[in-house]
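2 protein chains.
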Amino acid sequence: MSDHIVSAFTEELESLSADILRMGGIVEEMIVDSCQAVLHNNLDLAADVIDRDPQVDRMEAEVERQIVSLIARRQPMAHDLRSVFAALKVSGELERIGDLSKNIGKRALNLDTAVSPAMRSGVARMAGPVSRQLHQVLNAYASGNAAEARAVWETDDEIDQHYNALFREMLTYMIEDPRSISDGAHMLFMAKNLERIGDHCTNIAEFVFFQITGENLVQQDRPKQ
Amino acid sequence: MSDHIVSAFTEELESLSADILRMGGIVEEMIVDSCQAVLHNNLDLAADVIDRDPQVDRMEAEVERQIVSLIARRQPMAHDLRSVFAALKVSGELERIGDLSKNIGKRALNLDTAVSPAMRSGVARMAGPVSRQLHQVLNAYASGNAAEARAVWETDDEIDQHYNALFREMLTYMIEDPRSISDGAHMLFMAKNLERIGDHCTNIAEFVFFQITGENLVQQDRPKQ
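Below, the structure written as structure tokens:
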């Protein structure tokens, strides 16, 4: 294979990875903004998050189109094939994170304005750790840092603990004041969406680790409580 | 291209589609069994559904591996490329349906034995329509029937209505008896999982329709209430 062809392939891969990082940036902001909308009962912001989702969908479709064309034309092997495959999987995960953030935005639109600030801030508190997970795993993807990808994968448990604590907290509000049960149910779904976003970050960490090392992160090695 | 090569490619595609239908069969049974486990508080059956999920994951990984190899070797175009792409997407959707059914099984293990039969049967009632959606869309995939795929896509609204009614029903149980709030929350998540399985069936319908016709089903055309 000539240098010219090799470098054209590398350029295509880099452009693909830049597209994915752009997608990641948009999605990261959607997580933060959807939770800000919940915290401050900001309906405009919630609507704005919902409006950003179709762009993420289009970006994923475009990445997929590029990848299918790239595999057919270049027939990549070994590390290159892993890079293309990781790009396909990461963009799919980002699309789902966008979708989950959109759903938080939709629920924010339907909350009773009287929902207690304690409930609102409970959900919003999860946004920080979850969006940081995404930020860190995208850094690992951008820099090809396997150790950083593994670090994200290992700390998924913290998000789960956060979610479990929040779940119990919400139930106590609902038991104390049955009028809050309907909003509490929406809050539980929002918290669940954030926990699932954490799971998607873990999936991304697995794909990034595999891309870089050619090895799988093994479930048994994860420090799980 | 010689007949020999064409027919080898067709054989590969058929083998891929057979694998996907096998995956679909397992997943369909997981939906039904997880809801039966909820209805009859059958913990063995719930555990059994959970145990089946890794097999579905392995099948998806194997389908992906075959597809990447097939695109690289055969460089399919037009309808063939659409078939390969549909296989990739459909197997991904089936993996997620398996995951959601597993989650219903996990929650079934953690329900209080005292949960009212009305709540249990509320969730179980959704299993019928949802698993029928999956069955029908797999038929459409197997037979290449675009009209049948469209029919599944058009009736997603029924599942949504079913879910919304169930959501309200569960809330009333929770309000009537605050001791049921914790189990009620688990039930809401199970119902939500079933609604999401319905969404995945709709996604499959879109991929199948695109594979057969080369055209997209357009959101605006769906009869939505």
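Residue numbers (the UniProt record's numbering), protein chains in the order written: chain X, 1 to 225; chain U, 1 to 225.
C-beta atoms are modelled at their ideal positions from N, C-alpha and C, and glycine is treated no differently.
Note that the coordinates shown come from a computational prediction; the quantities given were computed from them, not determined experimentally.
Chain U residues whose Cβ lies nearer than 9 Å to that of F85(X) | Near F85(X) (Cβ distances below 9 Å), the residues of chain U are E64 and V68.
Endpoints, alpha helix (DSSP H) assigned at G92(U) | A78 to L109
Enumerate in chain order the residues of its own chain whose CB-to-CB distance from E60(X) is below 6 Å, with the five nearest sequence positions on each side excluded.
-> Contacts found: S91 and E95.
Closest residue to I50(U) among I31(U), E62(U) and Q66(U) (Cα-Cα distance) = I31(U)
Hey, is the stretch 98-114 of chain U in contact with the stretch 135-146 of chain U, meaning 3+ C-beta pairs nearer than 8 Å?
-> no
8 Å Cβ cutoff, F210(X) in contact with chain U = no
Are V68(X) and I71(U) close, meaning C-beta to C-beta below 8 Å?
-> yes
Are the C-beta atoms of residue 253(X) and some chain U residue less than 8 Å apart?
-> In the structure as shown, chain X begins at 1 and stops at 225. Residue 253(X) is therefore absent and cannot be evaluated.
When DSSP labels each residue in this structure, what does G184(X) get in the three-state scheme?
-> Three-state result, G184(X): helix.
Starting from G128(X), follow the alpha helix (DSSP H) in both directions and report where the run begins and ends.
-> P117 to S143
Is residue 228(X) near E62(X), with beta carbons less than 8 Å apart?
-> Since the first residue of chain X shown is 1 and the last is 225, residue 228(X) is not available in this structure.
Skipping 5 residues on each side, what residues in its chain have a beta carbon closer than 6 Å to that of V123(U)?
-> V38, M187, M190 and A191
Under 8 Å between the Cβ atoms of H200(U) and E93(U)?
-> At a Cβ-Cβ threshold of 8 Å, H200(U) and E93(U) count as neighbours.
On the premise that A146(U) lies in contact with F209(U), defined as a C-beta separation below 8 Å, what is that separation, rounded to the nearest angstrom?
-> 5 Å
What separation, rounded to the nearest whole angstrom, lies between the Cα atoms of H79(X) and M119(X)?
-> 47 Å
How many angstroms separate the CA atom of G24(U) from the CA atom of E176(X)?
-> 44 Å
Beta carbon proximity, K192(X) to chain U, threshold 8 Å | Among the CB atoms of chain U, one or more fall inside 8 Å of the CB of K192(X).
Of the listed residues L194(X), D48(X), R150(X) and E169(X), nearest to V218(X) (C-alpha basis) = R150(X)
Just how far apart, CA to CA, sit E215(X) and F207(X)?
-> Rounded to the nearest whole angstrom, the C-alpha separation of E215(X) and F207(X) is 10 Å.
Please decide whether F9(U) counts as near chain X, where near means a Cβ-Cβ distance under 8 Å.
-> no
Is it right to say T172(X) is buried, meaning 16 or more other beta carbons lie within 10 angstroms of its own, or is it exposed?
-> exposed
Alpha carbon to alpha carbon, what distance is there between R22(U) and S109(X)?
-> Here residue 109(X) is Leu; the residue named in the question, Ser, does not match the sequence. For L109(X) and R22(U), the distance between alpha carbons rounds to 41 Å.
When Q75(X), S180(X) and T155(X) are compared against L111(X), the one with the closest alpha-carbon | S180(X)
With C-beta atoms as the reference, is Q66(X) less than 8 Å away from L13(X)?
-> The criterion of a C-beta distance shorter than 8 Å is not satisfied by Q66(X) and L13(X).
Report the residue from A185(U), G198(U), S131(U) and R132(U) whose alpha carbon sits nearest the alpha carbon of D160(U).
-> G198(U)
E11(X) burial status per 10 Å Cβ neighbour count (16 or more: buried) = exposed
Under the rule that 16 or more other beta-carbon atoms within 10 Å means buried, what is P76(X), buried or exposed?
-> buried
So with Cβ pairs under 8 Å, would you call Q225(U) a contact of chain X?
-> Because the pLDDT of Q225(U) is 46, which lies under 50, any placement of that residue in the model is unreliable, and the question is left without a value.
Work out the CA separation of D33(X) and V130(U) for me, nearest whole Å.
-> 33 Å
For P178(X), decide whether its Cβ has a neighbour in chain U, counting only Cβ atoms nearer than 8 Å.
-> At a cut-off of 8 Å between beta-carbon atoms, P178(X) makes contact with chain U.
Using a Cβ-Cβ cut-off of 8 Å, state whether N216(X) counts as contacting chain U.
-> no
Please decide whether A118(U) counts as near chain X, where near means a Cβ-Cβ distance under 8 Å.
-> Not an interface residue.
Relative to the alpha-carbon of D183(X), which residue among E195(X), T155(X) and N41(X) has its alpha-carbon at the smallest distance?
-> N41(X)
Shorter than 8 Å from the beta carbon of A37(U) to some beta carbon of chain X?
-> no
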